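Going by the UniProt record's numbering, the sequence shown opens with residue 1, and the numbers climb by one from there.
Where is the CB? At the ideal position from N, CA and C, for every residue including glycine.
This structure is a prediction, so every number in the text was calculated from the model and none was measured.
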Amino acid sequence: MKGSGQMPRKKKPKISKEERFRRRHYTSGRAVFRNIGFERIGSLSDREFTYDGSTGDFDDIYVGDNVVILIEHTISAMGKVGDHLKKKHILFQKIASDPLKFFDFLVSKSKEFADAVSTSYHRDNFIIRIVYNTVNPPSSVTKANVPEPIYMEYPNLKYFEKITGIAKLSTKKEVLQFLGIDPDDVGVNGAFPKKGASDPYDGSILPEASSGFPKGFKVVSFYADPASLLERAYVVRRDGWRGSSESYQRMLQKGKVEQIRKKLRTEKTVFINNLVATLPDNVHPVDEHGKTVDISKLTKTSPVKIGLPRSPNSLGVIDGQHRLYSYYVAKDDDPIIAGLRNNQNLLVTAVIFPGNLSTAERERFEAGMFLNINSNQTNAPKALRQEIQTILKPFGNEAIAKKVMQRLADEGPLEGHVERFFYEQGLLKTTSIVSYGLAPLVKLSGTDSLFAKLTSETQERLLDHDEAALEDYVEFCKSAINEVLAAFKSQIGNARWVTDRNVPERVLTVTYINSFLILMRILIENGQSTSGSVVRAKLGDIGKFKFKDYHSSQYNRMAQDIFARYF
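What follows is the structure in structure tokens.
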């Protein structure tokens, strides 16, 4: 204000879009370790040091119990991640070759660090991990050349940011596993868990003839407190890091967990619904005399004692993860929930695996149980039903379409434009494309499917459910579709080949993509070529086509109009 004598307010410098993204990325990485109870050592984080002749720094250093985490964050572009790593490699090598020597170095450099690790843990008990938190994944060659860090790639980061933000300290063991640390090697208040120990729970076991499961599978029911279950539980989620192709559990939902937690806090009543889980083959139910029960000789449900191993990831939660994780442990723990966590009992129905199952077979069995439970829900989301079809009926139309969609998202004109992870927004959603665009195009029948372009021998192999033939067919479909999509893209132009709603003439919408796929069916049925070069020449001035005249589910009409005008 004039005449007020006040100095004008200094304008804050404008922050670039890249800098805002960098800050968000760093914040996300820090949140993961903060949420599981680790403390950031500010006096060492982002501070340059010289160690054994090498000068460098870590963006963040965290301490939790007897674990030290050294984090390097980067938003380097795809082609520059390797260059960034090369600068760090020598330092990484020196630390990895003698971690405790570097531990001593940190103690000497920072009183804050020395105080944080001056607990009842012996120096030799400390575990050090280097974490490389990167937006863009390094190449496999780069990873092989720089093997020292744990690579936390962007999907891993967003997964852990979400689940640790919801279930707090109760997700710590899963993070440790990702870091290649055995949770049994991590102490709690100075004490380490006794390896190989188990806790007995009273329960019952079904006779083999009554379970309905294959020979050797045991079905037991028992009550256990949520605290004990959380210590042992794991969930193979579809957006997780474990790399299983059979994982279709949905992500934890914060609203659902907090709603259940609120009900627990106010009503203090246990849920009567049972948790469905799996147990490893080293769990042997015993009778009142301590003898292992032979289920083949049982004629009725019998009482047993079930020894649950005191080890993480020994209880696979198939159904009921939200109910269980509503009892999560937080740093500033809710005293009411803490009491319920240790005093209430949840009913668990569990399947004990036979000893001859491979890890892949166990995962498929767990996934099958989950899918069977959820496939009967009338309100199951369509995307979930598609996932169910992929595993239960891999040669079904939608299952094949789903696999083709995944390939299209990974390579070709749709790469980078398709929603693949739970945190992605503003990209193409695939549910309708799979059902209405792809499934009819890749079906194993008809004269309007890519199936019709195969030799009779290949068709027979597919109809006989030959898995190698299915893999070849999925790849064939991907290549054929990419040729046609590339033809459209080349004639329409890169500027409009986007999903951005701020681009008024954009063509990457579900309606338009489905129209392009339906056009392929029309071409096949009419004996016309779907070759990229032929389609490109035919499309000519497709850029002038009035795409905006077609909305929502009008893809059939749009495909017919494109065919009539250009072919």
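Discussion item. Closer than 8 Å is the cut-off here; do at least three beta carbon pairs connect the segment 65-75 with the segment 124-133?
Written reply: The segment 65-75, when compared against the segment 124-133, does touch it at the 8 Å Cβ threshold.
Discussion item. Applying the 10 Å Cβ sphere with the 16-neighbour rule, what's the burial state of residue 210?
Written reply: Burial call: exposed.
Item to complete: Along the alpha helix (DSSP H) that carries residue 558, what are the first and last residues, could you check?
Response: Judged by DSSP secondary structure, residue 558 falls within the alpha helix (DSSP H) whose first and last residues are 555-566.
Practice prompt. Report, in whole angstroms, the separation of the C-beta atoms of residue 327 and residue 337, which I expect to be a contact under 8 Å.
Written response: Contact between residue 327 and residue 337 holds: their C-beta atoms lie close to 6 Å from each other, under 8 Å.
Item to complete: Have a look at 556, 547, 539, 558 and flag the residue whose alpha-carbon is nearest the alpha-carbon of residue 567.
Response: Looking from the CA of residue 567, the closest CA among 556, 547, 539, 558 belongs to 539.
Discussion item. Assuming residue 283 and residue 312 are in contact, meaning their beta carbons sit under 8 Å apart, how far apart are those beta carbons, in whole angstroms?
Written reply: Taking a contact as a CB-CB distance under 8 Å, the pair residue 283 and residue 312 does not count as one, their CB atoms being some 15 Å apart.
Practice prompt. For the beta strand (DSSP E) containing residue 50, list its first residue and its last residue.
Written response: Its beta strand (DSSP E) spans residues 49-51.
Worksheet item: Candidates 167, 119, 101: which alpha carbon is nearest residue 31's?
Response: If we check each option's Cα against that of residue 31, 167 comes out closest.
Practice prompt. Measure the alpha-carbon distance for residue 114 versus residue 90 and round it to whole angstroms.
Written response: Taking the straight line joining both Cα atoms gives about 25 Å.
Worksheet entry | Pick from 253, 315, 302, 287 that is closest to residue 276, judged by C-alpha positions | Of the candidates 253, 315, 302, 287, the one whose C-alpha sits nearest the C-alpha of residue 276 is 315.
Worksheet item: Buried or exposed: where does residue 361 fall if 16 or more other Cβ atoms within 10 Å of its Cβ makes it buried?
Response: Result: exposed.
Worksheet item: Can you give the Cα-Cα distance for residue 434 and residue 459, rounded to whole angstroms?
Response: Cα to Cα, residue 434 sits roughly 21 Å from residue 459.
Fill in: Cβ neighbours of residue 1 in the same chain (closer than 8 Å, five flanking residues each side left out)
The predicted model places residue 1 with a pLDDT of 46, which falls under 50 and marks its position as unreliable; any figure quoted below should be read in that light. No residues qualify anywhere along the chain.
Fill in: Span separating the alpha-carbon of residue 416 from that of residue 556
Pairing residue 416 with residue 556, the inter-Cα distance amounts to about 26 Å.
Worksheet item: Do you know how far the Cα of residue 371 is from the Cα of residue 285?
Response: If I take the Cα positions, the gap works out to 27 Å.
Discussion item. Rounded to whole angstroms, what is the Cα-Cα separation between residue 465 and residue 404?
Written reply: Each residue's Cα considered, the two are about 17 Å apart.
Item to complete: Decide if residue 585 is buried, meaning its Cβ has at least 16 other Cβ atoms within 10 Å, or exposed.
Response: For residue 585 there is no data in the structure shown, the boundaries of the chain being 1 and 567.
Worksheet item: Is it buried or exposed for residue 20, if we count other Cβ within 10 angstroms and need 16 for buried?
Response: Residue 20 is exposed by the Cβ-count criterion.
Practice prompt. Going by DSSP, name the residue or residues bridged to residue 41.
Written response: DSSP, once it has assigned bridges, lists no residue as partnering residue 41.
Item to complete: Below 8 Å on the Cβ atoms is my guess for residue 225 versus residue 321; work out the distance and round it to an integer in Å.
Response: Going by Cβ atoms, the distance from residue 225 to residue 321 rounds to 17 Å, so no, they are not a contact pair.
Discussion item. Closer than 8 Å is the cut-off here; do at least three beta carbon pairs connect the segment 290-297 with the segment 206-221?
Written reply: Remark: three or more beta-carbon pairs, one from each stretch, lie closer than 8 Å, so the segment 290-297 and the segment 206-221 are flagged as touching.
Discussion item. Short of 7 Å in beta carbon distance, which residues of its chain neighbour residue 25, apart from the five on each side in sequence? Order them along the chain.
Written reply: The residues are 73, 75, 135.
Worksheet item: Per DSSP, residue 71 is paired with what?
Response: Per DSSP, 60, 131.
Worksheet item: Rounded to a whole number of angstroms, what is the C-alpha to C-alpha distance between residue 127 and residue 145?
Response: Between residue 127 and residue 145, the C-alpha separation is close to 23 Å.
Worksheet item: Got a sec, what are the start and stop residues for the alpha helix (DSSP H) residue 153 sits in?
Response: Unbroken run through residue 153 is the beta strand (DSSP E), 150-153; no alpha helix (DSSP H).
Discussion item. Do residue 389 and residue 396 have their beta-carbon atoms positioned less than 7 Å apart in this structure?
Written reply: For residue 396 and residue 389, yes; Cβs fall inside 7 Å.
Worksheet item: Around the Cβ of residue 100, are there at least 16 other Cβ atoms within 10 angstroms (buried) or fewer (exposed)?
Response: Its Cβ having fewer than 16 others within 10 Å, residue 100 is exposed.
Worksheet item: Can you name the residues that DSSP bridges to residue 181?
Response: Residue 181 pairs with nothing; no bridge assigned.
Worksheet item: Roughly how many angstroms lie between the CA atoms of residue 281 and residue 219, to the nearest whole one?
Response: Whole-angstrom Cα-Cα distance: 12 Å.
Discussion item. Any heavy atom of the ligand SAH closer than 6 Å to the beta-carbon of residue 30?
Written reply: No copy of the ligand SAH occurs in the structure displayed, which carries no ligand at all.
Worksheet item: What residue range is occupied by the uninterrupted alpha helix (DSSP H) comprising residue 518?
Response: Per DSSP, residue 518 belongs to the alpha helix (DSSP H) from 510-525.
Fill in: Sequence-distant residues of the same chain with beta carbon closer than 6 Å to residue 152, five excluded per side
Non-local C-beta neighbours of residue 152 in its own chain, meaning closer than 6 Å and more than five positions away in sequence, comprise 131, 133, ordered along the chain.
Worksheet item: Alpha carbon to alpha carbon, what distance is there between residue 444 and residue 499?
Response: C-alpha separation (whole angstroms): 31 Å.
Worksheet entry | Chain-order list of residues whose beta-carbon lies under 6 Å from that of residue 64 (same chain, five-residue window excluded) | The residues are 37, 38.
Worksheet entry | Straight-line gap, residue 190 to residue 84 (C-alpha atoms, nearest Å) | Straight-line Cα distance between these residues: approximately 37 Å.
Item to complete: Less than 8 Å between the CB atoms is what I'm expecting for residue 222 and residue 199, so what's the real figure, rounded?
Response: Actually they do not touch by this definition, with Cβ atoms about 11 Å apart.
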